[in-house]
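Everything on this sheet refers to the single structure shown next.
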Amino acid sequence: MPELPEVETIVRQCRPRLVGRRIAAFNSAWPRGCRPSVAHVRRNIVGRLVHAVSRRGKFIVLELDDGGHLLIHLRMSGRFEWLDGGNGRPRHVRAAWGLDDGNRLLFCDARKFGRITYTRDLAGATADLGPEPLERCFTAARLGHLLRHRRRQLKPLLLDQTVIAGLGNIYTDEALFRAGLHPLTRSDTLRPAQIRRLHQAIRSVLRLAIRNHGTTLDWIYPGGWMQRRLMVYGRTGEPCRRCRTAIVALRVGQRGTHICPKCQRRGEE
DNA sequence: TGAATTGTTATCGT
DNA sequence: AACGATAACAATTC
């Protein structure tokens with residue numbers, strides 16, 4: 332569920348509490364979640380200073396003072412929780428970092444799909460990720476190349492992290508709506524104007540979502556209010572905010588997909 | 001109770 | 001061979 336805007340929000344929120352802190356302890360009773368292993372992660376991060384906290388695609392990236400990196404992927408249901416005493420007893424705690432200021436950061440994940448990975452080779456670990464859609468180098472021309480170079484349906488292509496890093500199911504549906512494109516349209520059939528519109532739609536919807544601290548739809552990700560601005564995702568049967576036509580749910584590559592059948596026609600325009 | 005949920009990876013087909 | 005489509009998988013919630 333957490334996609335680029337949610338991960339970006341989490342990174343911005345935890346950055347001031349992590350940067351400059353020394354990791355005093357790391358514990359996890361969840362072998363599958365830590366790579367290469369819990370012991371390896373602990374051995375390499377305990378005693379290190381956190382130099383920076385950033386994001387690459389949907390990965391949270393902790394840069395340590397010896398050049399090592401800790402990558403955290405939240406997948407479907409992962410979340411960070413600070414052990415303040417304020418928020419009761421956190422559930423589904425899978426890993427915990429103790430900091431030199433006495434604070435504890437918890438990684439909670441009901442479904443255990445998340446991953447914590449230590450690497451000395453950040454570039455290698457993120458080599459198969461596509462460009463960052465909000466960076467300056469992600470131009471309409473660059474998107475056009477990515478689209479024209481393949482013959483795929485737009486929706487699975489946009490979800491593919493090796494093509495563009497950070498889009499998930501929500502913002503793919505939202506970007507396609509804003510661009511007026513049907514999710515089954517072949518990527519190599521878009522005209523220049525459509526490519527420019529899709530490029531603008533992707534960037535503007537991601538920026539709007541970050542301004543709104545992401546989307547809160549259920550128990551998984553709290554604190555955002557982008558759900559108020561969603562045009563199609565999760566609005567099956569509700570009227571399109573643009574033309575009042577009922578939003579339709581369909582299945583594209585085993586993914587729930589939401590469109591306005593009038594605003595997103597197949598083929599042309 | 002089982003359907004829904006998601007990103008990644010393995011596998012199948014063209 | 002390379003690419004695209006599809007299935008399987010992790011585990012829980014409602």
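Residue numbers 332 to 600, in the working numbering, belong to the letters of the first sequence in order. Note that the Cβ used here is the ideal one computed from N, Cα and C, for glycine as well.
Do three or more CB pairs link the stretch 435-443 to the stretch 418-427 at distances below 8 Å?
yes
Candidates K486, F469, L335 and R451, of which the one nearest R366 by Cα
R451
Which residue comes first and which comes last in the beta strand (DSSP E) that contains D440?
R435 to D440
Under the rule that 16 or more other beta-carbon atoms within 10 Å means buried, what is E600, buried or exposed?
Confidence in E600 is poor, its pLDDT being 46 and thus under 50, which makes the residue's placement unreliable; the coordinate value appears in the next sentence. Answer is exposed; the Cβ neighbour count stays below 16.
Can you tell me whether T493 is buried or exposed, with buried defined as 16 or more other CB within 10 angstroms of its CB?
exposed
V612 vs F357 beta-carbon contact at 8 Å
No answer is possible for residue 612: it lies beyond the span of the chain, which begins at 332 and ends at 600.
Taking all protein chains shown into account, do 16 or more other C-beta atoms lie within 10 angstroms of the C-beta of C574, making it buried, or fewer, making it exposed?
exposed
Going by Cα to Cα distance, which pick from L512, E505 and N543 is closest to W556?
N543
Give the secondary structure of E600 by DSSP, where H, G and I count as helix, E and B as strand, and everything else as coil.
With a pLDDT of 46 at E600, under the threshold of 50, the modelled position of this residue cannot be trusted; read the value that follows with caution. E600: coil per DSSP, three-state reduction.
Let me confirm a value: K486 is counted as buried when at least 16 other C-beta atoms fall within 10 Å, else exposed. Which label applies?
buried
Considering only C-alpha positions, which residue in the set D396, P553 and C594 is nearest to Q344?
P553
State buried or exposed for S408, treating a residue as buried only when at least 16 other CB atoms are found within 10 Å of its CB.
buried
What are the complete alpha helix (DSSP H) segments, minimum 4 residues, inside the stretch 445-527?
453-456, 471-479, 485-490 and 500-510
I need the DSSP call for C594, collapsed to helix, strand or coil.
coil
In whole angstroms, what is the alpha-carbon distance linking L537 and T546?
11 Å
Beta-carbon proximity of P523 to I495, cut-off 8 Å
no
Can we say the stretch 502-511 touches the stretch 465-473, given the rule of at least three CB pairs closer than 8 Å?
no
Give every residue of the same chain whose Cβ lies closer than 6 Å to the Cβ of P333, excluding the five residues on either side of it in the sequence, and list them in chain order.
L405 and Y552
Does L380 come out as helix, strand or coil in the three-state DSSP assignment?
strand
Suppose the cutoff is 7 Å on Cβ atoms and the five residues either side in sequence are ignored; what does the same chain contact list for L548 look like?
Q558 and G565
Report the rounded CA-to-CA distance for W413 versus H476, giving the unit in angstroms.
42 Å
According to DSSP, is I391 part of a helix, a strand, or is it coil?
strand
Buried or exposed: which applies to G497, given that a residue is buried once 16 or more other Cβ atoms fall within 10 Å of its Cβ?
buried
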